[in-house]
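Chains A and B supply the protein sequences, listed in that same order. Read left to right, the first sequence gives residues 1 to 309 (my numbering). Read left to right, the second sequence gives residues 1001 to 1179 (my numbering). Beta carbons: idealized from backbone N, C-alpha and C, even for Gly. These figures come from a predicted structure and were not determined experimentally. Working notes, beginning with the structure itself.
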Amino acid sequence: MSELSVNHLLGIKYLNKEDIQLIFETADHFKEVINRPIKKVPSLRDITIANLFFENSTRTKLSFELAEKRLSADVINFSAAQSSVKKGETLIDTVNNILSMKVDMVVMRHPNPGACVFLSKHVKASIVNAGDGAHEHPTQALLDSYSIRERLGDVKGKNVVIVGDILHSRVALSNIYALQLQGANVMVCGPKTLIPKYINNLGVKVETNLRKALEWCDVANMLRVQNERMDISYFPSTREYTQQFGVDKALLDSLDKEITIMHPGPINRGVEITSDVADSKQAIILDQVQNGVAIRMAVIYLLASKIKQ
Amino acid sequence: MSQKVLLNATEVNIILHRLACQLIEKHNDFSNTVLIGLQPRGKFLALRLAQILKDDYKIKDLKLGLLDITFYRDDFRRSDKPLEANTTEINFVVENKNVVFIDDVLYTGRSIRAALTAIQSFGRPEEIELLTLIDRRFSRHLPIQPNYRGRQVDAINKEKVIVQWQEQDGEDAVYLINN
């Protein structure tokens, strides 16, 4: 297969196994490109991409922008804080105004779940979801699976636990879809208050004891506690959260196997994981960041190849 | 559909040895020369030539790389079939080296144009030459010609020239196919 089954990347839910395989194979080639002395290819020189970030982001925005520039696309950036959205403009009007400037693709982050799906039905450009509320963050899930594949050889059959704030995490949901599609066994672990009720319908295991979860898994994906999304208090204190769901070197060393540690970032050092864990050989956090550029290049390249002139 | 044999295995073998000798005449011991096979089909010709140079002409330390030009093509989004990438394997520096591009068929010249852009990502070569097994005359879209050619073929545009390699296709042969 050499073509994606979709015209937009709205979520992992809309992809099939072959799509993920194609994205990974294409990312392999781009990973080779970004390790060359000159890290740029001219493939997308006639494509214009708008990065619309209605919510703050550092690494995802930088990663997308770098991916676009390494493919030689023309890039325009938009952040809601300095825009007419503040004056009451609707999402469709904002996007249509930008598309009038002959934009071919939109990479959008939005605080509302479903914003990208909504947009894809109303505008002609190809849409890439860079995170919509607590719904999905597909490129993060793809780069996470890609990093597991790189470290452990394959995703199929591996036991992966996602630890922390599952309720507010778009990374968790996209990861569950992506890992299950590739045949991994998925478990979530966190305080009961941060595990959503619908989780049983997704066919994942649930564990509230971190040690048991770590003993079961090959990979632990540690999520950040998203204080900014919490309108009430879900656990008594950060200190207590760390004691129950934080990973330190002593805990890792006490396991009779070496598990791989992942984190989508930004890390709260000393909360989800301690510094010695974050900087250890078991952690592949910086590999995830590098793979993020290759994965985003692959997604943009494959979607752009479906835009006909 | 009709097909005609342009070259059989014996003829391909003779041509490969002649091309190897021509390369030695120009590049001597290959100390400042690198061979680059263009993916996907130039790979087999490049590997075969490298083998002849090493085994029959005792060239030591021959540097051979494979270059994928997919991301440098100028027909991205223009063709009906999506482009599929191949692997690039260049584990040496091409800066100030004499580079010899190797491809099986030279047709429009667009692949070579893409390769000329792609190689710049690995440094600035001293000189770039082109070796091709089949040179289809009168079909060029760009002012490109080979330095070393196996056989020159006059084929009209709707005809196809197919090069088969023992390693992949089970025989060494070149066919002219008329649809």
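Partner residues in the beta bridge of THR260(A), as assigned by DSSP, are VAL219(A).
For the pair of segments examined, the region 27-37 of chain A was found not to touch the region 94-105 of chain A: the number of CB pairs separated by less than 8 Å stays below three. None of the residues of the region 1135-1168 of chain B has a beta carbon lying less than 8 Å from any beta carbon of chain A. In this structure, SER2(A) lies away from ASP19(A), with their beta-carbon atoms at least 7 Å apart. Setting aside the 5 residues that flank it on each side, ASP74(A) is surrounded in the same chain by THR48, each with a C-beta closer than 6 Å to its C-beta; the list follows chain order. Around ALA141(A), the same chain offers ILE12, SER174, ASN175, ALA178 as residues with beta carbons nearer than 6 Å, after the five sequence neighbours per side are excluded.
For LEU143(A), the closest of VAL299(A), LYS192(A), ILE307(A), LEU303(A) by C-alpha to C-alpha distance is VAL299(A). In this structure, the alpha-carbon of THR139(A) lies about 14 Å from that of GLY265(A).
Membership of ILE1024(B) in the alpha helix (DSSP H) is indicated by the continuous run 1009-1027. For GLU1159(B), the beta-bridge partners assigned by DSSP are ASN1178(B).
A straight line joining the alpha-carbon of LEU9(A) with that of VAL206(A) spans about 28 Å. The Cβ neighbour count for ASN1032(B), taken over all protein chains shown within 10 Å, is under 16; the residue is labelled exposed. In this structure, ALA80(A) places its C-beta atom within 7 Å of the C-beta atom of PHE54(A). Take THR1117(B), set aside five residues on each side of it, and the residues of its chain with a beta-carbon closer than 7 Å to its own are TYR1072, in chain order. Between the region 279-286 of chain A and the region 1099-1119 of chain B, the count of Cβ pairs shorter than 8 Å is below three; the stretches do not touch.
Excluding the 5 residues flanking it on each side, PHE1076(B) has same chain C-beta neighbours closer than 7 Å at LEU1083, in chain order. For ARG296(A) against ALA115(A), the beta-carbon gap comes to about 19 Å, at or over 8 Å, which does not count as contact. The three-state secondary structure of LEU1083(B), taken from DSSP, is coil. When beta bridges are read from the DSSP output, GLN1003(B) appears opposite ILE1177(B). The residues GLY1065, PHE1122, in chain order, have a CB closer than 6 Å to that of ILE1090(B) in the same chain once the five nearest residues on each side in sequence are set aside.
When the beta-carbon positions are compared, ASN159(A) and ASN185(A) come within less than 7 Å of each other. Proximity of chain B to LYS87(A) at the Cβ level (cut-off 8 Å) is not reached, the minimal Cβ distance being about 36 Å.
Here DSSP, grouped into helix, strand and coil, assigns MET101(A) to coil. Comparing alpha-carbon positions, the option among GLN1145(B), GLU1159(B), ASP1074(B), ASP1056(B) lying closest to LEU1106(B) turns out to be GLN1145(B). For GLY1150(B), no alpha helix (DSSP H) run applies; the uninterrupted beta strand (DSSP E) run containing it begins and ends at 1148-1153, by DSSP. GLU136(A) is positioned such that its CB atom lies closer than 7 Å to that of ARG170(A). Take the alpha-carbon of ASN1157(B) and the one of SER1139(B): they are about 7 Å apart. For VAL277(A), no beta strand (DSSP E) encloses it; the enclosing alpha helix (DSSP H) starts and ends at 275-278. Within chain A, the residues THR26, HIS29 have their CB atoms less than 7 Å from the CB of ALA1085(B), given in chain order. The closest CA to that of LEU1045(B), considering only LEU1176(B), LYS1097(B), HIS1017(B), is found on HIS1017(B). Around the beta carbon of ASP256(A), fewer than 16 other beta carbons lie within 10 angstroms, which makes this residue exposed. Contact note: PRO1082(B) reaches chain A through SER2, GLU3, SER305, using a C-beta cutoff of 7 Å and chain order. The beta carbon of THR1070(B) is closer than 6 Å to those of LEU1083, ALA1085 in its chain, skipping five residues each way along the sequence. Near chain B, meaning a CB-to-CB distance below 7 Å, the residues of the region 35-49 of chain A are ARG36, PRO37, ILE38, VAL41, PRO42, SER43.
DSSP lists ASN51(A), VAL128(A) as the beta-bridge partner residues of VAL107(A).
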